[in-house]
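Asker:
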Ligand SMILES: [Zn+2]
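Residue numbers (my numbering): 1117 to 1365.
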């Protein structure tokens, strides 16, 4: 295989690696944001539970205060009852005491309701709090993992770019310009294989004479249909032949 073609194959693989790394680096922060959003949603649910429990306790306290007021009023009415001069007055006090006692019973019933409601609320709040704590820990780990991944990707990108620069420096500028032109046109697939008589990219059947010329491997040939550079019977792993460790140019 012509040396420059081997370089083009390697360059194509580096460019594809660059594209996937860049995509990952662009996508990972979105994953982080998604993770944060989940935690916020959980936090909001917890806040709602806390608010419900606080409201329950506030209402209970209010009822307890009301009951106290009624109790004080009853004791005052009982004192007044002792001073009653007529049966009518006595009955009036009695009826007012009865009303207060009814109010106290109503308040006590409501307090019982509130207590019943607060029990599951407290339980679910406790569960939610412990879940949130665990979730926050998981999320911190996940965030650290994503950040590490981004850093590793950036490092690899730099390595890929350095190798790319090295390969480009070993290419004839005109050949590299060709590579770039085809790369833009084909969205990154510059080199195709034609060992079976077809262009592996656009699938066109190649002329027998064209294949004969390609077999010789003494010059770069382009697919007559899609203009990609064509390889014929490339080494099993030609990428290894032009990796940074081995030099073919
Ligand atoms: Zn083709």
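For glycine and all other residues, C-beta sits at the position ideal for the given N, C-alpha and C.
Given a cut-off of 7 Å on the beta-carbon distance, is the pair residue 1237 and residue 1168 in contact?
Answerer: Looking up residue 1237 in the chain shown gives position 121. Looking up residue 1168 in the chain shown gives position 52. It is a contact, given that the beta carbons lie within the stated cut-off.
Asker: For residue 1317, is the beta carbon positioned less than 6 Å from some heavy atom of ligand 1?
Answerer: Position 201 of the chain shown, counted from the start, is the residue given in the question as residue 1317. Answer for residue 1317: yes, Cβ within range of ligand 1.
Asker: Does the Cβ-Cβ distance between residue 1330 and residue 1348 come in under 7 Å?
Answerer: Residue numbering aside, residue 1330 sits at position 214 when the chain shown is read from its first letter. Residue numbering aside, residue 1348 sits at position 232 when the chain shown is read from its first letter. In this structure, residue 1348 lies closer than 7 Å to residue 1330 by Cβ.
Asker: Three or more C-beta pairs closer than 8 Å, one from the region 1144 to 1160 and one from the region 1288 to 1300: is that the case here?
Answerer: Not touching, per the Cβ criterion.
Asker: Sorry if obvious, but does the Cβ on residue 1341 come closer than 6 Å to a heavy atom of ligand 1?
Answerer: Counting from 1 along the chain shown, the entry for residue 1341 is found at position 225. Checking the Cβ of residue 1341 against ligand 1 gives yes.
Asker: Go ahead and label residue 1139 buried or exposed: buried means 16 or more other beta carbons lie within 10 angstroms of its beta carbon, across all protein chains shown.
Answerer: Along the chain shown, one-based indexing puts residue 1139 at 23. Exposed: under 16 other Cβ atoms inside 10 Å.
Asker: Three or more beta-carbon pairs under 8 Å between the region 1181 to 1199 and the region 1213 to 1229, yes or no?
Answerer: In short, these stretches touch, since the Cβ pair count reaches three.
Asker: Given a cut-off of 7 Å on the beta-carbon distance, is the pair residue 1273 and residue 1137 in contact?
Answerer: Counted from its first residue, the chain shown places residue 1273 at position 157. Counted from its first residue, the chain shown places residue 1137 at position 21. For residue 1273 and residue 1137, yes; Cβs fall inside 7 Å.
Asker: Do you know offhand how far residue 1215's Cα is from residue 1158's?
Answerer: Indexing the chain shown from 1 puts residue 1215 at position 99. Indexing the chain shown from 1 puts residue 1158 at position 42. Straight-line Cα distance between these residues: approximately 47 Å.
Asker: Quick check: what's the CA-CA separation for residue 1233 versus residue 1172?
Answerer: As a working note, residue 1233 is residue 117 in the chain shown. As a working note, residue 1172 is residue 56 in the chain shown. Going from the Cα of residue 1233 to the Cα of residue 1172 covers about 8 Å.
Asker: Which same chain residues end up closer than 7 Å to residue 1120 when comparing Cβ atoms and leaving out the 5 residues on each side of it in sequence?
Answerer: Within the chain shown, residue 1120 is the residue found at index 4, counting from 1. Same-chain partners within the cutoff: 1287, 1288, 1291 and 1336.
Asker: When you compare the region 1261 to 1281 with the region 1304 to 1315, are there three or more beta-carbon pairs, one atom per stretch, that lie closer than 8 Å?
Answerer: Judged by Cβ distances under 8 Å, the region 1261 to 1281 makes no contact with the region 1304 to 1315, as fewer than three pairs qualify.
Asker: Return the CA-CA distance between residue 1285 and residue 1130, expressed in angstroms with no decimal places.
Answerer: The residue labelled residue 1285 in the question sits at position 169 within the chain shown. The residue labelled residue 1130 in the question sits at position 14 within the chain shown. Rounded to the nearest angstrom, the two C-alpha atoms are 15 Å apart.
Asker: Can you give the Cα-Cα distance for residue 1245 and residue 1144, rounded to whole angstroms?
Answerer: Residue 1245 sits at position 129 when you count from the first residue of the chain shown. Residue 1144 sits at position 28 when you count from the first residue of the chain shown. When rounded, the distance between both Cα atoms is 28 Å.
Asker: Can the beta-carbon of residue 1160 be found closer than 7 Å to that of residue 1283?
Answerer: Along the chain shown, read from residue 1 onward, the residue named residue 1160 stands at position 44. Along the chain shown, read from residue 1 onward, the residue named residue 1283 stands at position 167. Against a cut-off of 7 Å, the Cβ pair of residue 1283 and residue 1160 comes out as no contact.
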